[in-house]
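Student: I am attaching a structure below and will ask some questions about it afterwards.
Protein chains: 2
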Amino acid sequence: MIEDKNPQRTSLSELGEFGLINHLTKHFSLNNSSTIKGVGDDAAVLAATDKQTLVTTDLLIEGVHFDLSYMPLKHLGYKAVMVNLSDVYAMNGTAEQITVSIAISNRFPLEAIEELYAGIKLACDTYKIDLIGGDTTSSTKGMLISVTAIGSAKEEDVVYRIGAQETDLIVVSGDLGAAYLGLQVLEREKQVFQVDPNNQPDLDAYTYLIERQLKPEARKDVKGILEELEVQPTSMIDISDGLSSEIMHICSQSKVGCKLYEDKIPLDPQVISACEEFNIDSTMVALSGGEDYELLFTVPIADFDKIKGNPNFSIIGHITAEDQGLNLVTRANQEIALKAQGWNALKQE
Amino acid sequence: MIEDKNPQRTSLSELGEFGLINHLTKHFSLNNSSTIKGVGDDAAVLAATDKQTLVTTDLLIEGVHFDLSYMPLKHLGYKAVMVNLSDVYAMNGTAEQITVSIAISNRFPLEAIEELYAGIKLACDTYKIDLIGGDTTSSTKGMLISVTAIGSAKEEDVVYRIGAQETDLIVVSGDLGAAYLGLQVLEREKQVFQVDPNNQPDLDAYTYLIERQLKPEARKDVKGILEELEVQPTSMIDISDGLSSEIMHICSQSKVGCKLYEDKIPLDPQVISACEEFNIDSTMVALSGGEDYELLFTVPIADFDKIKGNPNFSIIGHITAEDQGLNLVTRANQEIALKAQGWNALKQE
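Chains A and B, in that order, give the protein sequences.
Every letter in the first sequence is one number past the one before it in UniProt numbering, and letter 174, counting from 1, is 174.
Every letter in the second sequence is one number past the one before it in UniProt numbering, and letter 119, counting from 1, is 119.
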């Protein structure tokens with residue numbers, strides 16, 4: 001849509017590859033003393049440190065992971081960074097650098113790529129991240145973004161998926177399911193628009209849902225909150241594919257089972273009302289929706305008093321012995337086995 | 001081509017995303033003590049070290065950077081790693097880890113992706129690199145590979161593009177132009193094949209050229225050779241876009257000029273004979289061909305005796321004052337200004 005509305009179009013080939021990278025990155029400044037050299041040499045250089053280094057990468061592809069008919073490019077740039085920072089925070093680390101590679105077809109003018117980078121810059125400024133490298137090339141079709149995030153943590157602070165112990169409490173930050181429902185609202189509006197382009201949608205009832213889908217925030221704050229509470233998680237993961245899929249990763253790697261309580265799963269009121277409207281089960285949305293970018297972690301049961309009542313966290317269950325399996329206790333007090341129904345990028349197309 | 005010849009086809013969606021990643025990475029072992037945790041958590045974890053960390057990334061796209069009609073997938077995987085390691089070596093560093101993200105359309109069966117990963121694994125085994133992460137997703141069209149390489153170097157060993165000084169010698173490893181000519185040979189054979197699929201090409205005269213295009217090696221050895229010679233380069237870059245483009249990066253960042261000598265540019269005999277056959281100027285091929293992945297560096301003139309006669313290196317010119325510009329002294333002893341004619345990925349399509 002941006003392409004049609006934008007009066008100014010500068011062809012990408014006018015600038016050339018190095019001109020384009022310079023043009024896009026010149027307004028980025030460095031926020032971290034660990035960044036010795038960012039963009040502009042064969043490789044970026046990071047300072048030696050007594051911390052461990054965390055590395056994670058994600059690839060977002062037009063038509064698979066995003067739809068530009070309702071995802072503004074600035075939001076896409078922001079979200080591509082968030083998705084990666086979230087993985088660093090899920091190790092209980094501090095994110096410090098990113099590289100961003102993009103491939104773009106000629107249908108995008110320079111002004112569109114500037115929008116994308118404006119979103120990347122906003123994310124870098126807000127989260128104190130340095131853009132230290134990347135690659136810009138043409139694609140034969142569509143757009144894709146590959147981001148690698150680099151962070152650090154003291155060895156004793158790093159939290160893996162592997163450490164959950166029997167009787168540990170299962171805790172989640174924020175609330176779940178809103179991003180998935182935001183996507184449903186946007187998909188519906190896209191279809192309405194295709195039928196009647198003059199229809200003016202009233203999206204006031206869905207603002208939180210749409211924001212969670214288009215402009216998610218990674219939970220940078222959780223590390224600090226847990227430090228203040230003097231709680232060290234025994235395992236942690238970020239919720240990108242839905243609660244069900246993520247707790248399965250923790251349980252399989254930690255060789256434990258779990259019991260989740262349906263009535264403890266945190267849901268925003270907009271999620272509950274949208275589920276009624278779309279006639280979807282809200283628990284299913286929380287379990288399988290994905291893209292929430294909240295953190296799921298386990299803490300020793302001795303920390304119950306420190307966590308309970310904290311407005312940032314919900315205790316949603318506890319870890320059991322491996323042979324008890326992975327179960328959800330429903331509101332009707334029935335135990336049902338959890339199934340992985342996370343979003344599978346390979347099933348698309 | 002592999003798709004047509006392969007009798008066994010396993011659909012990617014049968015495995016699912018996590019199954020696919022597990023399947024592809026299970027045979028990879030860790031080579032470096034700096035890798036604390038590779039694939040399998042939210043982020044990889046690297047050990048704290050007293051060295052600086054080097055980070056570089058490159059994106060390869062089907063139809064832009066490679067043509068699967070003559071690039072076997074195993075070679076593609078190998079080359080995608082080499083391209084990134086070369087950037088780490090160009091900082092005078094040691095490459096230790098990579099992340100690999102791939103997007104693949106459904107036209108590729110599992111067996112094709114296994115071939116790609118066989119090439120990545122061969123590169124990892126040969127160069128002692130650990131695969132520590134990545135992302136695997138579907139694409140709406142074609143294949144792409146995004147690799148990020150991570151390395152390390154002592155602070156005092158890192159060589160930037162910025163340090164070239166007036167009177168420094170300009171040195172290049174290996175020989176230049178072969179990869180570009182290999183591409184010309186392969187393109188010609190592709191056209192012959194399209195006209196006459198039964199034609200059996202005789203490529204004996206081009207084996208070196210084709211190998212340089214399809215299976216380039218990054219110059220891991222140069223760091224050790226220079227250490228033995230007790231030579232510390234003042235600036236360094238890898239030759240991915242052609243000698244002309246790379247010396248321009250060094251000169252512009254170091255704020256110096258240069259004088260290159262046409263008769264000193266190292267060329268393999270196959271390059272010379274192929275240039276005659278294709279009626280191309282061999283100097284132009286070396287200056288603008290690209291994809292050689294040799295290292296271009298500058299050393300103090302005091303090191304002349306240490307470098308001269310070394311079979312790994314050719315002294316091809318020297319650094320001058322900035323106001324003298326960038327010049328090539330031809331075999332006819334004429335000075336002509338250098339122009340950047342490096343390969344520009346944005347001009348494709």
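We put the CB at the ideal spot given by N, CA and C, even for glycine.
Fair warning: this is a prediction, and the values are worked out from it, not measured in the lab.
Between the alpha carbons of Leu116/A and Val100/A, how many angstroms are there, rounded?
Tutor: Taking the first residue of the first sequence as position 1, residue 116/A is located at position 116. Taking the first residue of the first sequence as position 1, residue 100/A is located at position 100. About 11 Å.
Student: Thinking C-alpha only, which one of Thr298/B, Asp41/B, Glu276/B is nearest Lys259/B?
Tutor: Locating residue 259/B in the second sequence gives position 259, where the first residue counts as 1. Closest by alpha carbon: Thr298/B.
Student: Anyone know if the C-beta pair for Thr57/B and Thr49/A falls short of 9 Å?
Tutor: Working through the second sequence from its first residue, we reach residue 57/B at position 57. Working through the first sequence from its first residue, we reach residue 49/A at position 49. Not a contact, by the Cβ cut-off of 9 Å.
Student: Between the Cα of Gln324/A and the Cα atoms of Ala337/A, Leu169/A, Ser314/A, which residue gives the shortest distance?
Tutor: The residue labelled residue 324/A in the question sits at position 324 within the first sequence. Gln324/A has its Cα closest to that of Ala337/A, out of Ala337/A, Leu169/A, Ser314/A.
Student: According to DSSP, what are the bridge partners of Ile239/A?
Tutor: Locating residue 239/A in the first sequence gives position 239, counting from the first residue. According to DSSP, Ile239/A bridges with Glu294/A.
Student: Assuming residue 384/A is part of the beta strand (DSSP E), what are its boundary residues?
Tutor: Any answer about residue 384/A is impossible in this case: the structure gives chain A only from 1 up to 349.
Student: Taking Cβ positions only, does His65/B come closer than 9 Å to chain A?
Tutor: Numbered from 1 along the second sequence, position 65 holds the residue referred to as residue 65/B. Interface residue, yes.
Student: Determine which residues share a DSSP beta bridge with Cys258/A and list them.
Tutor: The sequence position of residue 258/A within the first sequence is 258, counting from 1. Its beta-bridge partners are Ile319/A, Leu326/A.
Student: What residues in its chain sit with their C-beta under 6 Å from that of Thr137/B, if we drop five residues either side in the sequence?
Tutor: Against the second sequence, residue 137/B aligns to sequence position 137. Counting only Cβ-Cβ distances below 6 Å, and skipping sequence neighbours, we find Ala103.
Student: Does the beta carbon of Lys141/B sit closer than 9 Å to a beta carbon anywhere in chain A?
Tutor: Within the second sequence, the letter at position 141 stands for residue 141/B. Closer than 9 Å to some Cβ of chain A, the Cβ of Lys141/B qualifies, so yes.
Student: Where Glu277/B and Pro269/B are concerned, what is the direct C-alpha to C-alpha distance, given to the nearest angstrom?
Tutor: As a working note, residue 277/B is residue 277 in the second sequence. As a working note, residue 269/B is residue 269 in the second sequence. Looking at the two C-alpha atoms, the distance is approximately 12 Å.
Student: Can you list the residues of chain B that Lys37/A reaches, using a CB-CB cut of under 8 Å?
Tutor: What you label residue 37/A is simply residue 37 of the first sequence in a count that begins at 1. Simply Tyr160.
Student: Of the residues His27/A, Val64/A, Gly63/A, which one's Cα is nearest the Cα of Ile132/A?
Tutor: Here residue 132/A refers to the residue found at position 132 of the first sequence. Closest by alpha carbon: His27/A.
Student: Over what stretch of residues does the beta strand (DSSP E) that includes Gln97/B continue unbroken?
Tutor: As a position in the second sequence, residue 97/B is number 97, starting the count at 1. First-last of the beta strand (DSSP E) with Gln97/B: 94 to 104.
Student: State yes or no: is the beta carbon of Asp281/A nearer than 9 Å to at least one beta carbon in chain E?
Tutor: Of the protein chains in this structure, namely A and B, none is chain E.
Student: Indicate whether Ala47/B and Ser33/B have their beta-carbon atoms separated by less than 9 Å.
Tutor: Within the second sequence, residue 47/B is the residue found at index 47, counting from 1. Within the second sequence, residue 33/B is the residue found at index 33, counting from 1. Contact: yes.
Student: Measure the C-alpha to C-alpha separation of Glu291/B and Phe66/A and round it to an integer number of angstroms.
Tutor: On the second sequence, residue 291/B is found 291 positions in, with the first residue counted as 1. On the first sequence, residue 66/A is found 66 positions in, with the first residue counted as 1. Each residue's Cα considered, the two are about 33 Å apart.
Student: Just verifying my parser: in three-state terms, what is the DSSP assignment at Ala205/B?
Tutor: To locate residue 205/B, count along the second sequence from 1; it is residue 205. The answer is helix: DSSP assigns Ala205/B an H, G or I state.
Student: Give the residues of chain B in contact with Asp238/A, contact being defined as C-beta atoms less than 8 Å apart.
Tutor: Your numbering for residue 238/A matches position 238 in the first sequence. Within chain B, the residues near Asp238/A are Asp42.
Student: What residue range is occupied by the uninterrupted beta strand (DSSP E) comprising Ser173/A?
Tutor: By one-based count along the first sequence, residue 173/A stands at place 173. Counting along the chain, the beta strand (DSSP E) containing Ser173/A begins and ends at 169 to 173.
Student: Need the endpoints of the beta strand (DSSP E) that Leu267/A sits in, please.
Tutor: Along the first sequence, one-based indexing puts residue 267/A at 267. From DSSP, Leu267/A is part of no beta strand (DSSP E); its letter is neither H nor E.
Student: Give the secondary structure of Ile272/A by DSSP, where H, G and I count as helix, E and B as strand, and everything else as coil.
Tutor: If you number the first sequence from 1, residue 272/A lands on position 272. Of the three classes helix, strand and coil, the one that applies to Ile272/A here is helix, per DSSP.
Student: Going by beta-carbon coordinates alone, are Asn106/B and Ser11/B separated by less than 9 Å?
Tutor: Counting from one through the second sequence, the residue named residue 106/B turns up at place 106. Counting from one through the second sequence, the residue named residue 11/B turns up at place 11. Contact: yes.
Student: Can you name, in chain order, every residue of its own chain whose Cβ lies under 8 Å from the Cβ of Ser273/A, other than the five neighbours on each side?
Tutor: The residue given as residue 273/A occupies position 273 in the first sequence. Contacts found: Ala205.
Student: Roughly how many angstroms lie between the CA atoms of Ser240/B and Asn84/B, to the nearest whole one?
Tutor: The residue given as residue 240/B occupies position 240 in the second sequence. The residue given as residue 84/B occupies position 84 in the second sequence. So the two alpha carbons sit approximately 10 Å from each other.
Student: For the beta strand (DSSP E) that Glu335/B lies in, which residues bound it at each end?
Tutor: Here residue 335/B is taken as the residue at index 335 of the second sequence, counted from 1. Start and end: 335 to 337.
Student: Strictly below 7 Å CB to CB, what residues from chain B border Gln52/A?
Tutor: Within the first sequence, residue 52/A is the residue found at index 52, counting from 1. Going along chain B in sequence order, the residues near Gln52/A (Cβ under 7 Å) are Ile36, Val45, Leu46, Ala47, Ala48.
Student: I need the DSSP call for Asp281/B, collapsed to helix, strand or coil.
Tutor: Stepping through the second sequence from its first residue, residue 281/B is reached at position 281. Reduced to three states, the DSSP call for Asp281/B is coil.
Student: Between Asp157/A and Ile307/A, what straight-line distance do the alpha-carbon atoms span, to the nearest angstrom?
Tutor: Here residue 157/A is taken as the residue at index 157 of the first sequence, counted from 1. Here residue 307/A is taken as the residue at index 307 of the first sequence, counted from 1. Roughly 18 Å between the two C-alpha positions.
Student: Between Val222/A and chain B, is the shortest Cβ-Cβ distance under 9 Å, so that the two count as touching?
Tutor: Residue numbering aside, residue 222/A sits at position 222 when the first sequence is read from its first letter. Not closer than 9 Å to any Cβ of chain B, the Cβ of Val222/A fails to qualify, so no.
Student: State yes or no: is the C-beta of Gln165/A within less than 9 Å of the C-beta of Pro311/A?
Tutor: Start at 1 with the first residue of the first sequence, and residue 165/A comes out as number 165. Start at 1 with the first residue of the first sequence, and residue 311/A comes out as number 311. Result no, Cβ atoms of Gln165/A and Pro311/A do not sit closer than 9 Å.
Student: Between which two residues does the beta strand (DSSP E) containing Asp135/A stretch?
Tutor: The sequence position of residue 135/A within the first sequence is 135, counting from 1. Residues 130 to 138.
Student: Pop quiz: Ala95/B and Tyr127/B are said to be a contact at Cβ under 8 Å. What is the actual Cβ separation, rounded to whole angstroms?
Tutor: Numbered from 1 along the second sequence, position 95 holds the residue referred to as residue 95/B. Numbered from 1 along the second sequence, position 127 holds the residue referred to as residue 127/B. Right, the Cβ-Cβ distance comes to about 7 Å (below 8 Å), so this counts as a contact.
Student: Checking contacts by CB at 9 Å: is Thr56/A closer than that to chain B?
Tutor: By 1-based counting over the first sequence, the position of residue 56/A is 56. Output row for Thr56/A: interface = yes.
Student: Ala150/A touches chain B at which residues, Cβ-Cβ below 7 Å?
Tutor: Residue numbering aside, residue 150/A sits at position 150 when the first sequence is read from its first letter. Per the sequence shown, the amino acid found at residue 150/A is Ile instead of Ala. Ordered by position in chain B, the residues that pass the 7 Å Cβ test against Ile150/A are Val55.
Student: Closer than 7 Å, Cβ to any Cβ of chain A: which residues of the stretch 180 to 195 of chain B, in chain order?
Tutor: Residues passing the 7 Å Cβ filter: none.
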